Amino acid sequence: MILLLATLLQATTLAPQSANIPSAGVAAATVSGAATAEHVAKNKFPSAPIFYSGQKRELDVNIPRLHANSISVDGMLNETEWQQAAVLTSFTSYHPVDARPAQDSIEIRLWYAEDAIFVGIRAWAVPGTVRATLAERDKILNDDWVAIQFDTFNDRRRAFTFAVNALGVQADGMRSEQSSPPGTSRASLGVIDLSQDYIWQSAGRLLDDGFEAEMRIPFKSIRFQLGNEQDWGLQVIRQTQRTGFQDLWAPTSRSIQTFLGQSGYLRKLSGMKRGLVLDVAPTTTVLASGTPSSGNSWQYGTRGQVGGDVRWGATANFTVNFTANPDFSQVETDVGQIPGDVRFALSYPELRPFFVEGSEQFDVPNQLVYTRRLVQPVGAVKITGKIPDTEFGLLSAMDAARTGLDGRTHPLYNILRVRRDIGTQSVAGLLYTDRIEGARYNRVGGADSRIQFANVYNVELRAAYSTTHDRAGTRTGQLMELNTGRSGRTWGYRGSIQSLSPHFETQSGFVNRTDFVRAQIFQRITRFGKSGGWWDQQQQFLRTSAIWSYDGFGRKDVPLETSIALDNSIVLHGGWKLSVNPELQSVAFDARRYARLATLSPVGNGVDTVAFKTGDRPLTGYVNISVNTPQWRRAGLTLTARVGGEPEFFETSTARRTDFELSADLRPTSQLRLTPLLRYQRFTRSRDGSVFSTQVVPRLRTEYQFSRALLARVIMQVESRERDALRDPFTELPLYSRSTSGALVLAGVRRSLLGRADVLLSYLPSPGTVVYVGYGSAVDASADSRLSNAERTSDGAFIKLSYLFRVGVPRQ
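Note that the working numbering has the sequence shown beginning at 232, numbered continuously upward.
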């Protein structure tokens, strides 16, 4: 291990140290967009940089095609090619306030060679204010960063995103044109699918008055249109943590619904060569795991697995992926979640490289595609791509036999997604999924559309139909949804109605609730502060919702659930954000959900069991509070709390609920990062003040980044959960649950105290090439709720080796 660590440290280097180097070409004259195009047309290799001002809406950019003979991606823009590049200047703000000149200056230099596009960044800042850490890939959201987005199909719907911080640390992914969650900036990296990793090069360095960075993005790593000459969409985003502002090169108005539709353009790109795109990544994993045996002994076993991924760029716009025994890729435990509503299951993000690459092609509303359903695939093939106006995605996979219902038959999965562009921003799509296990099957067919008009209005229609056949017989179900809305700068609304029938089922997707009809209305008002004032943005969301049972809606019954809430948020100057959100809700407990519960009733001199009767409809109210601090040089904090009345669904009563979550991003040095997280939830019965349930999840993630490629990480997590014995809210007598055999089981006290620790040494110089050396151990102290008496339930060590071979040279 020591020899391996020494070798990896020798193979990697720290980011370059800061230096005070003036920006190249600052004194060059700015010319108009029309003049620029004419100049480039006449001069294949311009002798001076041509400037494109975003504020003057010079958004049609012609970048020179040069020979990359002298380029070294080192974070210094001192080669001659950078003096001939096109230069993007004059950014404007977007979040939290749009249409204002950027507070800090920035220049983006662009040119391309036959095999790659090059991006140079010179960002100015107040001395000593740049936030930069030597972070893990994609973990730069709390740093200062600059992102460039290439809409390579120029369809104003999706864009490849490449971002760097001041030290050149990379974040990348796919930006899809969709509505962002309320209160989220559409320019944030938080709305981008960062699970996708592309192969590209970058470097950066801190300067006394800002930072400088450099990118090389190979054409092999992205998909684009067929044809010799083409236009791409172009946008550049700068995040400055000192002010909390996001600035854009192409001016973007918050009053217009589309974000990518307001981008600029790269014009008349030609002569781009991808060559043969063939990536082969063989993978070897060795795992030694232990489990308790008889007495106090442990039984250990060792197993190895050989697999790998193949990526073939069949054309510039179509990619074929193969995998065999794909690696687990779960090198850390999923973050422990505390459900707000215990009736519904929780989903977790996909992390396996084969499934996340090209996942935007399977982006389907209502999460009807959820690849974590495939637990341990034996093999899979995926085809993704786009022909003019039509996207296509096909995934076929065979899961391990142990994941099937009988433990002997391999489940087979097929997922087909087709989506068609309509006009400038509208889309329509089709979906088919199936899961087949012998004679059992689940099939889902669906259609969805998003029609956008007048830049601010949209209508969404969605429908799906499922058929399931198993030992219980054949059953069918439906999903229907209608959404409509308006997105304006100061006022917007959204209304929706959604229904899922009782027997709708998707075994290739994730639907956590069926048998309901839900109607919702949102109203939003946004106000913006004066320049230099103490606040930048205020928002109020009025939310109303009603939920019926599926049949109850047809009978025009009273809704089972109704709620009304007012979300109030304010962004203060400097990056502080405060939200206060009160809500009232009324919930009727659906008696059908409690048919298996029974309680006791006095009979003569004894008692007998009787059917459980649900409690009355309660009216409860609570308030959510959240505080986000700015990202200071060494720390940033987020605090959320929820206090008030809540329906208690186990006993069909009311309770006082207290939720608390505190998370922090602590950066004592540029290489050390501590991420503590504490989640707490407590339910207290309203009728007598007794504690019904308590859940606590503390977690600490510690990372030390030796270099951009080499990382050491330790994660420790504890999950403490305790629920009191269930009681009838009317008689306080115990509740019983009837099993499938008909026997009654006391719904007694439930306690669990689980702990886990994971240690990882990771060497990841580029996506697909990795060395993981890790150890994980789990303990259980549920018997007496004392961690000091915890018993190990499992532990294991693993080594994973993978190397990406990129085959091929550019075709002549």
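Every residue, glycine too, gets a C-beta built ideally from N, C-alpha and C.
Given the structure is predicted, the values throughout are model-derived calculations rather than measurements.
Shortest Cα-Cα distance from I294 to any of G306, Q334 and W342 involves W342.
DSSP, reduced to helix, strand and coil, places E408 outside both helices and strands of the structure shown, so it counts as coil.
Taking 8 Å as the upper bound for CB-CB distance, T602 and E588 are not in contact here, some 11 Å apart.
Sorting H298, S324 and A796 by C-alpha distance to the C-alpha of A777 places A796 at the top.
In terms of Cβ geometry, P907 and L870 do not form a close pair [threshold 8 Å]. The DSSP assignment places complete beta strand (DSSP E) segments of no fewer than 3 residues inside the stretch 885-963 at 903-916, 922-936 and 941-954, in order along the chain. Here R823 carries a helix assignment [DSSP, helix/strand/coil]. Beta-carbon to beta-carbon, T655 and S697 are separated by about 33 Å, too far to satisfy the 8 Å threshold. Excluding sequence positions up to five before and after T360, its CB lies within less than 6 Å of the CB of R473, all in the same chain and listed in chain order.
In this structure, T392 and Q380 form a Cβ contact; the two beta carbons are roughly 5 Å apart against a cut-off of 8 Å. Beta-bridge pairing by DSSP links M629 to G610 and L643. Taking C-alpha positions only, E877 is separated from R288 by approximately 52 Å. In this structure D989 touches I946 by the C-beta definition: roughly 5 Å separates them, less than 8 Å. Under DSSP, the beta-bridge partners assigned to S433 are M446.
Two segments are said to touch when three or more pairs of C-beta atoms, one from each, lie closer than 8 Å; by this definition the stretch 612-622 touches the stretch 536-549. In this chain, the alpha helix (DSSP H) harbouring V587 covers P584 to V587. Counting along the chain, the unbroken beta strand (DSSP E) around E338 starts and ends at I337 to Y343. The beta carbon of L773 sits closer than 6 Å to the beta carbons of Q754 and L797 from its chain, once the five residues preceding and following it are set aside; these are given in chain order.
In this model, S426 and V980 are separated by some 40 Å (Cα to Cα). A390 sits close to G464, with the two beta carbons spaced by under 8 Å. Burial check for D955: the Cβ neighbour count within 10 Å reaches 16 or more, so the residue is buried. In the DSSP annotation of this structure, the continuous segment of the alpha helix (DSSP H) that includes Q314 starts and ends at T311 to Q315. Inclusion of S452 and G399 in the CB contact set at 8 Å is not warranted, their separation being larger than that value. Contact between the stretch 338-353 and the stretch 302-314 is present: 3 or more CB-CB pairs across the two stretches fall below 8 Å. Cβ atoms of T830 and V818 stay farther apart than 8 Å, at about 21 Å. Shown here, Y781 sits in a helix according to DSSP, grouped into three states. The beta carbons of V517 and A444 sit about 38 Å from each other, so the pair does not count as a contact at 8 Å.
M307: not part of any beta strand (DSSP E); DSSP gives it neither H nor E. In chain order, K808 and T869 place their CB closer than 6 Å to the CB of N859, counting only its own chain and leaving out the 5 sequence neighbours on each side. Within the stretch 447-519, not a single complete alpha helix (DSSP H) segment reaches 4 residues in length. Cβ-Cβ distances below 8 Å link V304 to Q432, S433, A434, E445, M446 and R447 in the same chain, with the five nearest sequence neighbours on each side left out; the list follows chain order.
Runs of the beta strand (DSSP E) lying entirely within the stretch 656-689, each at least 3 residues long, are 657-668 and 671-684 in chain order.
In the displayed model, E591 falls within a helix according to three-state DSSP. Within the stretch 700-735, complete beta strand (DSSP E) segments of at least 3 residues are found at 704-717 and 722-731, given in chain order. Membership of T845 in any beta strand (DSSP E) is not indicated, and neither H nor E is assigned to it by DSSP. Taking G852 as reference, the option from N812, I281, D821 and F880 with the minimal CA-CA separation is N812.
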